[in-house]
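Below is one structure, written out as structure tokens; comments come after it.
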Amino acid sequence: MSDGTAELRAFATNLGKVAGSAVKDVDAVLKKGAQNIKNEMQADVSGSPHFKGMAGSITYDSHYLPGRARYVIGPDKGRRGGALGNIYYFGTSRGGGSGDIDKPLRSEEPRTMSALEALAERWAGQL
Amino acid sequence: MTGDALAAGFEALITGVTVYKDKVPSTPSFPYVFVVTNFPTVAERSNARSVLARVLKSRTQVVGLTGASVRIVAQKLTDALEGKRPDVPGWVLGSIESVANEQPMLPDEDVTINGQHPLYQPFDWILTGSQV
Chain A
283 MSDGTAELRA
293 FATNLGKVAG
303 SAVKDVDAVL
313 KKGAQNIKNE
323 MQADVSGSPH
333 FKGMAGSITY
343 DSHYLPGRAR
353 YVIGPDKGRR
363 GGALGNIYYF
373 GTSRGGGSGD
383 IDKPLRSEEP
393 RTMSALEALA
403 ERWAGQL
Chain B
8 MTGDALAAGF
18 EALITGVTVY
28 KDKVPSTPSF
38 PYVFVVTNFP
48 TVAERSNARS
58 VLARVLKSRT
68 QVVGLTGASV
78 RIVAQKLTDA
88 LEGKRPDVPG
98 WVLGSIESVA
108 NEQPMLPDED
118 VTINGQHPLY
128 QPFDWILTGS
138 QV
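Residue numbers (our numbering), protein chains in the order written: chain A, 283 to 409; chain B, 8 to 139.
The following block contains the structure:
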């Protein structure tokens with residue numbers, strides 16, 4: 283007859299294993315999402331006759347904090363054409379701003395959410 | 008009850024500042040607000056695919072010769088729009104909300120007025136509503 287202590291210990295051990303790899307697992311999903319967003323931003327700007335030269339400036343950077351993964355995606359002003367990014371997306375004092383900065387995120391959101399849900403289901407199966 | 012009436016109703020709320028709609032004249036009066044408002048696109052559909060709600064998106068560029076003038080006009084613009092609910096016949100509307108774009112105030116280096124570049128900052132707005 284069990285008093286549940288062994289099961290509780292096993293659960294705690296499994297939880298520790300899942301927690302130990304959680305940030306790495308989430309990071310892999312987010313990195314893939316960041317890559318997809320970057321690719322779509324590059325494809326969008328490549329279709330612009332005036333701004334296609336800045337496509338190569340669109341990159342992503344990872345920003346890690348304890349227990350957190352974060353990606354920043356967009357034109358890098360240090361790269362060729364990157365300084366045009368704010369004009370492409372936000373225009374000037376006389377208007378413009380034909381680029382839709384939210385579109386690639388809208389495209390990617392369902393894919394990333396689906397991948398995160400699959401990850402959560404996998405974790406649940408390991409407990 | 009058209010999308011154009013909705014856009015006009017939205018833009019009519021911006022008062023007390025110089026407003027240019029759709030195009031900035033060759034010699035504008037500073038400071039000013041330049042506004043471009045889209046046709047309201049579908050935001051929500053029923054299970055039967057009929058349109059339940061539309062969202063109006065508008066971008067305003069606040070332009071001035073000094074940072075202070077941009078900030079003062081931006082405050083007037085915010086007071087005129089944020090949380091307001093325009094009254095447009097044929098529409099049931101929510102409140103206007105600003106959308107953060109994290110874009111800083113920048114000099115427009117393609118324009119020179121008396122040897123200086125005007126400063127500008129974009130502000131994005133959304134308004135969700137349904138046609139009745």
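Glycine residues also receive a C-beta, built at the ideal position from the N, C-alpha and C atoms.
Exercise. So which residues of chain B does SER389 of chain A contact, with C-beta pairs closer than 9 Å?
Worked result: Correct list: empty, because the minimum Cβ distance to chain B is about 16 Å.
Exercise. Would the beta-carbon of GLY136 of chain B fall within 8 Å of that of LEU13 of chain B?
Worked result: Going by C-beta atoms, GLY136 of chain B is nearer than 8 Å to LEU13 of chain B.
For this session: State the start and end residues of the unbroken beta strand (DSSP E) segment that holds LYS28 of chain B.
Result: Where LYS28 of chain B is concerned, the enclosing beta strand (DSSP E) stretches over 26 to 28.
Problem set entry | Own chain partners of SER328 of chain A with C-beta closer than 7 Å, once the 5 adjacent residues on each side are dropped | Excluding residues within five positions, the ones whose Cβ falls inside 7 Å are LYS334 and ALA337.
For this session: Using a threshold of 8 Å, state whether the C-beta atoms of LEU126 of chain B and PRO114 of chain B are closer than that.
Result: Result yes, Cβ atoms of LEU126 of chain B and PRO114 of chain B sit closer than 8 Å.
Problem set entry | Contacts around ILE355 of chain A, its chain only, beta-carbon distance under 6 Å, and the 5 residues preceding and following it disregarded | Same-chain partners within the cutoff: ALA316, ILE319, LYS320 and TYR342.
Exercise. Quick one: does ARG361 of chain A have its CB under 8 Å from some CB of chain B?
Worked result: The Cβ of ARG361 of chain A sits no closer than 8 Å to any Cβ of chain B.
Exercise. Is there a Cβ from chain B that is less than 8 Å from the Cβ of PHE293 of chain A?
Worked result: False, the Cβ-Cβ gap to chain B never drops below 8 Å.
Problem set entry | Amino acids of chain A, ordered along the chain, whose beta-carbon sits closer than 7 Å to that of VAL40 of chain B | Within chain A, no residue has its beta carbon less than 7 Å from that of VAL40 of chain B; the closest one is some 11 Å off.
For this session: Can you have a look at TYR39 of chain B and say buried or exposed, based on whether 16 or more other CB atoms are within 10 angstroms of its CB?
Result: It is buried - the Cβ of TYR39 of chain B has at least 16 other Cβ atoms within 10 Å.
Exercise. Which residue or residues does DSSP assign as beta-bridge partners of GLY136 of chain B?
Worked result: Looking at the DSSP assignment, GLY136 of chain B forms a beta bridge with B:ARG61 and B:LEU100.
For this session: Look at the alpha carbon of SER324 of chain A and the alpha carbon of GLY381 of chain A, and state the distance between them as a whole number of angstroms.
Result: In the sequence as presented, Ser is not what sits at residue 324 of chain A; that position holds Gln. Looking at the backbone, the Cα of GLN324 of chain A and that of GLY381 of chain A are separated by about 11 Å.
For this session: Determine the DSSP secondary structure at SER105 of chain B, reduced to helix, strand or coil.
Result: Per DSSP, reduced to three states, the secondary structure at SER105 of chain B is strand.
For this session: Output yes if chain A places a C-beta closer than 8 Å to the C-beta of ASP117 of chain B; else output no.
Result: Yes, because at least one Cβ of chain A sits closer than 8 Å to the Cβ of ASP117 of chain B.
For this session: Could you name the residues of the region 370 to 387 of chain A whose beta carbon sits closer than 7 Å to any beta carbon of chain B, in the order they occur along the chain?
Result: Near chain B, meaning a CB-to-CB distance below 7 Å, the residues of the region 370 to 387 of chain A are PHE372, GLY373, THR374, SER375, ARG376, GLY377 and GLY379.
Exercise. Cβ of ASN321 of chain A less than 8 Å from any chain B Cβ?
Worked result: Put simply, the CB of ASN321 of chain A is far from chain B, with every gap to its CB atoms at 8 Å or more.
Problem set entry | DSSP state of ARG52 of chain B mapped onto helix, strand, coil | Taken through DSSP and simplified to helix, strand or coil, ARG52 of chain B comes out as strand.
Exercise. Quick one, are the C-beta atoms of VAL58 of chain B and ARG66 of chain B less than 8 Å apart?
Worked result: Contact: no.
Exercise. Given a threshold of 16 other Cβ atoms within 10 Å of its Cβ, counted over all protein chains shown, does SER339 of chain A qualify as buried or as exposed?
Worked result: Buried, because 16 or more other Cβ atoms sit within 10 Å of the Cβ of SER339 of chain A.
For this session: Report the three-state DSSP secondary structure of THR411 of chain A (helix, strand or coil).
Result: For residue 411 of chain A there is no data in the structure shown, the boundaries of chain A being 283 and 409.
Problem set entry | Distance, ALA75 of chain B Cα to VAL62 of chain B Cα | One Cα belongs to VAL62 of chain B, the other to ALA75 of chain B, and the distance between them is close to 32 Å.
For this session: Name the residue from A:PHE293, A:LYS385, A:ARG362 and A:SER344 whose alpha carbon lies nearest to the alpha carbon of THR371 of chain A.
Result: At residue 371 of chain A the sequence reads Tyr, which differs from the Thr that was named. If we check each option's Cα against that of TYR371 of chain A, A:LYS385 comes out closest.
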